[in-house]
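Peer 1: Numbering (the numbering used here), first residue to last: 498 to 973. Backbone N, C-alpha and C define an ideal beta-carbon position, used for all residues, glycine too. Handing you a structure now.
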Ligand code: C5P
Ligand code: C5P
Ligand code: ZN
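Written out as structure tokens, the structure reads:
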């Protein structure tokens with residue numbers, strides 16, 4: 498077979514065989530944009546293969562969650578966008594004969610073995626940058642369906658963009674081959690274009706005013722400045738009384754705005770490597786209506802995060818499966834709330850500040866930031882003036898569902914920068930080992946990882962994390 502990721506062909510074929518011989522499958526996936534698109538790809542593939550299946554979502558796989566999954570009536574469980582990190586627990590259930598696990602994931606695997614395990618990291622492909630959970634699911638879908646799966650490449654790209662796998666503004670490695678299959682299938686378009694968030698849905702002044710990717714003095718965070726800048730250009734950016742969006746502009750009009758923006762940025766002292774961030778590769782879903790969130794991979798992924806992280810994965814999955822109307826309206830309403838929460842969360846971190854230690858910086862949001870978005874806020878804070886960029890950020894938040902009588906627990910999210918990773922930082926190992934040292938568990942990727950620890954162990958966790966980071970720095 499000729500899959501988009503040849504290194505994974507053999508594993509994909511084995512997983513496809515296991516799926517095809519299943520009586521019925523429980524598809525279990527993660528509650529973020531990558532997890533939802535993973536489920537969208539896998540569920541469609543199962544449907545087309547005529548394998549009966551149900552779909553469940555989980556915030557995070559742990560003993561309890563996996564026991565719940567085992568209690569279902571399916572002989573096979575397909576884990577997407579998680580599972581590798583919990584392989585030890587899953588393997589125990591497999592031994593008990595509870596279910597046959599099939600895993601399509603890109604997280605750092607735990608130390609255990611299973612037969613049907615599709616993960617780029619097992620074959621030397623970078624799971625942080627080259628293949629997402631949705632990408633791994635796509636590889637499986639291709640093994641099941643051959644060319645009949647290539648329309649699903651668009652969702653796989655949304656997953657990769659949602660997991661922030663782009664490097665210097667574009668997808669790399671295996672991800673680019675998946676994108677190319679989407680282009681070939683006619684569902685995706687790639688272009689060098691303005692790399693700001695909101696090109697489909699934001700009126701032009703808002704697009705520029707809210708752009709957090711690059712700070713252009715006199716335009717970013719400056720409504721009147723953004724309007725003056727646009728009014729001063731030699732193109733009509735209005736449509737009747739309304740502002741047009743980026744998506745409404747012709748190629749020539751876009752070029753006029755981009756070159757004026759670049760000039761202004763340079764003139765206002767924005768550094769060269771910042772200015773280049775204004776332009777990147779954009780991924781357009783050509784089958785979706787222009788001017789909607791679904792048309793742009795980045796806006797699509799944010800829309801999905803706004804559903805699953807608020808216990809409405811059903812809404813996000815429906816949108817991934819092509820349902821419009823009611824689920825899309827519901828997703829948009831959730832998106833408004835999500836935006837508000839992110840901006841309030843970031844505002845809170847900016848006001849309160851972070852505690853800077855030798856190896857890391859941290860903040861504790863208690864219940865002021867929802868645990869499911871505290872990692873997103875940490876990532877935003879790391880890219881803002883509120884923090885230093887020379888050490889990782891660790892964020893704590895109160896776990897929801899603490900009132901169920903169990904011991905209180907704390908959610909931990911950590912984020913690094915690409916250059917810290919280049920210097921040897923691996924947050925996946927830090928969060929796993931430091932959390933386990935204090936009676937918790939965690940994992941993830943080099944650049945972004947999470948954990949759960951017992952409440953009250955935050956200080957001990959930070960000490961353990963600092964020790965590991967110091968070691969990584971010395972080795973790196
Ligand atoms: O569980 P999963 O792999 O899907 O999630 C990856 C997480 O890492 C996402 O929440 C993504 O936004 C985050 N990430 C980040 N910064 C990066 C890369 C990924 O915050 N540079
Ligand atoms: O939850 P958060 O956004 O901080 O997660 C960052 C990354 O770490 C995600 O890829 C997530 O799947 C992973 N993670 C994990 N184990 C945990 C918590 C998070 O592997 N206990
Ligand atoms: Zn993922």
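#1: Would the beta-carbon of residue 662 be found less than 6 angstroms away from any heavy atom of ligand 2?
#2: Under the three-state reduction of DSSP, which class applies to residue 943: helix, strand or coil?
#3: Taking a contact to mean a Cβ-Cβ separation below 7 angstroms, would you say residue 911 touches residue 946 in this structure?
#4: Please state whether DSSP places residue 579 in a helix, a strand or coil.
#5: Sorted by chain position, which residues of the same chain lie with C-beta nearer than 7 angstroms to residue 795's C-beta, five sequence neighbours on each side aside?
#6: Smallest Cα separation from residue 826: which of 906, 502, 800?
#7: Quick one, are the C-beta atoms of residue 868 and residue 896 less than 7 angstroms apart?
#8: Assign residue 777 to one of three DSSP states: helix, strand, or coil.
#9: Let's test the definition: count the other Cβ atoms within 10 Å of the Cβ of residue 735 and tell me whether it reaches 16, buried, or not, exposed.
#10: Please list, in chain order, all residues of the same chain as residue 759 whose beta carbon is under 7 angstroms from its beta carbon, the five residues on each side excluded.
#11: Whose C-alpha, out of 853, 894, 903, 865, is nearest the C-alpha of residue 884?
#12: Say yes only if the C-beta of residue 695 is nearer than 6 angstroms to one or more non-hydrogen atoms of ligand 3, and no if none qualify.
#13: In whole angstroms, what separates the C-alpha of residue 676 from that of residue 628?
#14: Spatial neighbours of residue 932 within its chain, please: CB distance less than 6 angstroms, with the 5 preceding and 5 following residues excluded, ordered by chain position.
#15: Excluding the 5 residues flanking residue 928 on each side, which residues of the same chain have their C-beta closer than 8 angstroms to its C-beta?
#16: By DSSP's criteria, residue 908 is part of a beta bridge. Which residues make up the other side?
#17: Going by C-alpha to C-alpha distance, which of 571, 613, 626 sits closest to residue 595?
#18: Taking only three categories from DSSP, how would you classify residue 702?
#19: Would you decide whether residue 838 is buried or exposed? Buried here means 16 or more other CB atoms lie within 10 Å of its CB.
#20: Report the three-state DSSP secondary structure of residue 689 (helix, strand or coil).
#21: Is DSSP giving residue 613 helix, strand or coil here?
#22: Along the chain, where does the alpha helix (DSSP H) that runs through residue 531 open and close?
#23: Helix, strand or coil for residue 596, going by three-state DSSP, please let me know.
#24: Any heavy atom of ligand 2 within a distance shorter than 6 angstroms of the CB on residue 835?
#25: Could you give the residue range of the beta strand (DSSP E) that holds residue 555?
#26: Alpha carbons only, please: which of 732, 769, 522, 740 is nearest the one belonging to residue 753?
#27: What do you get for residue 526, buried or exposed, if any count of 16 or more other CB atoms within 10 angstroms of its CB means buried?
#28: Would you say the beta carbon of residue 557 is closer than 6 angstroms to some non-hydrogen atom of ligand 2?
#29: Does DSSP put residue 913 in a helix, a strand or coil?
#30: Just mark residue 765 as buried or exposed, buried being the case when its beta carbon has 16 or more other beta carbons within 10 Å.
#31: Between the C-alpha atoms of residue 710 and residue 538, what's the straight-line distance to the nearest angstrom?
#32: Is it true that the stretch 561 to 577 meets the stretch 514 to 533, where meeting means three or more beta-carbon pairs spaced less than 8 angstroms apart?
#33: Going straight from the alpha carbon of residue 755 to that of residue 529, what length do you get?
#34: Near residue 812, which residues of its chain fall below 6 angstroms by C-beta distance, leaving aside the five closest residues on each side in sequence?
#35: Output needed for residue 787: all residues of its chain with C-beta closer than 6 angstroms, excluding positions within five of it in sequence on either side, in chain order.
#36: Comparing alpha-carbon positions, which option in 503, 860, 905 lies nearest residue 952?
Peer 2: Taking the definition as stated:
#1: no
#2: coil
#3: yes
#4: It is coil, neither helix nor strand.
#5: 658, 694
#6: 800
#7: yes
#8: strand
#9: exposed
#10: 772, 775
#11: 853
#12: The answer is no for residue 695.
#13: 11 angstroms
#14: 938, 939, 948, 950
#15: 909, 911, 939, 940, 941, 946, 947, 948, 962
#16: 894, 949
#17: 571
#18: Residue state, collapsed to three classes: helix.
#19: buried
#20: strand
#21: strand
#22: It spans 530 to 545 - the alpha helix (DSSP H) in which residue 531 sits, taken as one unbroken run.
#23: coil
#24: Answer for residue 835: no, Cβ out of range of ligand 2.
#25: 550 to 555
#26: Nearest C-alpha to residue 753: 732.
#27: buried
#28: Yes; taking the cut-off as 6 angstroms, the Cβ of residue 557 has a heavy atom of ligand 2 nearer than that.
#29: coil
#30: When all chains shown are included, residue 765 counts as exposed.
#31: 29 angstroms
#32: Result yes; three or more Cβ-Cβ pairs closer than 8 angstroms.
#33: 32 angstroms
#34: Close CB contacts of residue 812 within its chain, under the 6 angstroms cut and outside five residues either way in sequence, are with 804, 824, 827, 828 (chain order).
#35: 744
#36: 905
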